[in-house]
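Notes follow the structure.
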Amino acid sequence: MLFALGLGVPVQLIIIPVYVALARIQHLTHLKLLDSMQGLVLVYVGLAMPFTVFLLTGYFRALPVEVEEAACLDGAGAVRSFVRIVLPMARNGLITAFILQVIGAWNETMFALVMLTSGGSRTLPVALLSFIDQQQYQGSDWGGLFAGVVIIMVPVLVLFVVLGQRLINGMTAGVGK
Numbered sequence: 001m002l003f004a005l006g007l008g009v010p011v012q013l014i015i016i017p018v019y020v021a022l023a024r025i026q027h028l029t030h031l032k033l034l035d036s037m038q039g040l041v042l043v044y045v046g047l048a049m050p051f052t053v054f055l056l057t058g059y060f061r062a063l064p065v066e067v068e069e070a071a072c073l074d075g076a077g078a079v080r081s082f083v084r085i086v087l088p089m090a091r092n093g094l095i096t097a098f099i100l101q102v103i104g105a106w107n108e109t110m111f112a113l114v115m116l117t118s119g120g121s122r123t124l125p126v127a128l129l130s131f132i133d134q135q136q137y138q139g140s141d142w143g144g145l146f147a148g149v150v151i152i153m154v155p156v157l158v159l160f161v162v163l164g165q166r167l168i169n170g171m172t173a174g175v176g177k
C-alpha cells in the first residue's frame with residue numbers, strides 16, 4: 001500500500017528533500033552523490049520503485065499458483081521454484097516494467113538538472129536544454145537542435161522496436177480473465 005501511495009507524490013514536491021538528503025549522506029559518508037551519475041542513478045531507482053512494485057505485484061498475482069505448487073511437489077525449493085518457474089512466466093511483465101522505467105529515466109530532466117551541476121556530467125535532455133539556451137544568444141541552429149532530438153529519441157525507439165511486442169503482451173496480460 002505504501003508503494004501505491006508513492007505513485008501519488010509529485011516529483012516537484014520531493015526534489016528539495018532528496019537533494020538535502022543526498023547532501024547529508026555525502027557529508028557523513030564522503031561518498032560523491034551530488035554532481036555524480038551514481039547519485040542520480042540512486043535517485044532514479046528510488047523514484048522507479050513505486051510504479052515497478054505496483055505493476056509487478058498485479059502481474060505476479062495473475063500468474064497461476066498451481067504451477068508453483070506443482071514445482072514444490074516435485075521437490076523444488078522456494079528459490080529454485082522462483083528462478084525456474086515464476087521468473088520465466090513473468091518475463092513479459094518484467095520486460096514491460098524495464099521498458100517503461102528506461103523510457104522514464106531516459107526522458108527525465110528535472111532531477112538531472114538539479115543534481116548534476118558541473119558541465120562535465122550531463123544527461124542528454126539537460127545537454128539539449130543547454131544547447132537551446134546557447135541558441136538564444138548565438139542564433140537559431142534548427143538543424144543542430146533536430147539532430148539533438150534524434151540522438152535522444154533513437155535509442156528509446158530502437159528499444160521499443162526490439163522489445164515492443166513484449167511490452168504489449170505485458171500490458172495486456174490478464175485482461176481476458
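So in this note's numbering, the last one in the sequence shown is 177, and the numbering has no gaps at all. C-beta atoms are modelled at their ideal positions from N, C-alpha and C, and glycine is treated no differently. Nothing here was measured: the structure is a model prediction, and the numbers come from that model.
- Its chain contains 22, 23, 26 and 115 as the residues whose beta carbon lies nearer than 7 Å to that of residue 34, once the 5 sequence neighbours on both sides are disregarded; these appear in chain order.
- Exposed is the label assigned to residue 83, since fewer than 16 other Cβ atoms lie within 10 Å of its Cβ.
- For residue 31, same chain residues with a beta-carbon under 6 Å away, outside a window of 5 residues either side, do not exist.
- Contact between residue 126 and residue 109 holds, with the beta-carbon distance rounding to 6 Å and staying under 8 Å.
- Spatial neighbours of residue 117 in its own chain (CB-CB distance under 6 Å, excluding positions within 5 residues in sequence) are listed in chain order as 35.
- Taken in chain order, no unbroken stretch of beta strand (DSSP E) lies wholly in the segment 140-164 with a span of 3 residues or more.
- The alpha-carbon separation between residue 105 and residue 72 amounts to approximately 38 Å.
- Inter-residue distance for residue 142 and residue 107 is about 21 Å (C-alpha atoms, whole angstroms).
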